[in-house]
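For the sequence shown, our numbering begins at 1 and goes up steadily by one.
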Amino acid sequence: MNYKSTPRLVILALDLGTTTGWALRSANGPVAHGFVSFKSQRFEGGGMRYLRFGRWLDDMLALSGSESDAPTDSAVIGAVYFEEVRRHLGVDAAHVYGGLLATLTAWCERHQIPYQGVPVGTIKRHATGKGNAGKAEVIAAMKALGHPVTDDNEADALALLHWALAQCTDPALSKEVRHG
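(1) Looking at Arg25 and Arg8, is the spacing between their C-beta atoms short of 9 Å?
(2) For the region 106 to 169, list the alpha helix (DSSP H) runs that are entirely contained and at least 4 residues long, ordered along the chain.
(3) By DSSP, does Ser64 sit in helix, in strand, or in coil?
(4) Measure the alpha-carbon distance for Ala32 versus Ala23 and round it to whole angstroms.
(5) What number of angstroms, rounded off, separates the C-alpha of Thr103 from the C-alpha of Glu154?
(6) Check the C-beta distance from Val10 over to Thr20 and give it rounded, since I have them as a contact under 8 Å.
(7) Counting C-beta neighbours from all protein chains within 10 Å, is the total for Phe43 16 or more, i.e. buried, or is it exposed?
(8) Quick one: Cα of Leu165 to Cα of Gln41, how far?
(9) Round the Cβ separation of Arg55 and Phe38 to the nearest angstrom and send it over; I've been treating them as touching at under 8 Å.
(10) So, helix, strand or coil for Ala102, using DSSP?
(11) Just verifying my parser: in three-state terms, what is the DSSP assignment at Arg8?
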């Protein structure tokens with residue numbers, strides 16, 4: 001008999017903010033990662049950044065589906081993890097985070113994709129061994145795992161993805177996480 005291997009769970013990890021870091025572990029390929037700006041444009045209404053974020057999420061969903069054997073009209077992302085921020089340095093940052101979080105959770109509900117927030121300290125502790133690690137330490141930890149990152153938002157999303165993968169009880173998956 002010819003058995004087809006079970007595809008891996010597609011996971012999207014996000015560091016929400018005006019510059020959003022992202023990491024996507026696809027079903028068949030390597031981890032893709034980067035960052036994208038949702039800065040308000042000149043002459044734009046206040047809600048446009050959230051509409052652009054929703055469109056970007058749709059693009060990520062389509063990208064995840066194009067790399068699998070699933071029908072193109074079905075959701076392929078198996079889980080979304082986001083950095084759960086409880087303290088913001090400014091009111092504007094808190095408002096942007098809240099708007100992005102509302103957009104993300106509504107999008108996940110619409111597509112029936114499970115989602116989970118993970119505290120910042122938990123992510124940093126997993127990546128560096130210190131819950132209060134600085135941006136440079138998280139970037140260095142992700143580079144040590146073989147990820148060519150230049151932005152702290154991207155590094156945070158990758159660290160979150162590695163945390164999410166480490167929560168799996170499959171020994172093969174745990175080995176994959178340890179070796180990047």
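The C-beta atom is built at its ideal place from N, Cα and C for all residues, glycine as well.
Let me lay it out:
(1) In contact: Arg8 and Arg25 (Cβ atoms closer than 9 Å).
(2) 120 to 128, 135 to 144, 152 to 166
(3) helix
(4) A direct Cα-Cα distance of roughly 6 Å separates Ala32 from Ala23.
(5) 20 Å
(6) So it is not a contact: roughly 18 Å between Cβ atoms.
(7) exposed
(8) 36 Å
(9) Actually they are not in contact, since the Cβ atoms of Arg55 and Phe38 sit about 10 Å apart, beyond 8 Å.
(10) In the three-state reduction of the DSSP assignment, Ala102 falls in the helix class.
(11) Residue state for Arg8 is assigned as coil, using DSSP reduced to three classes.
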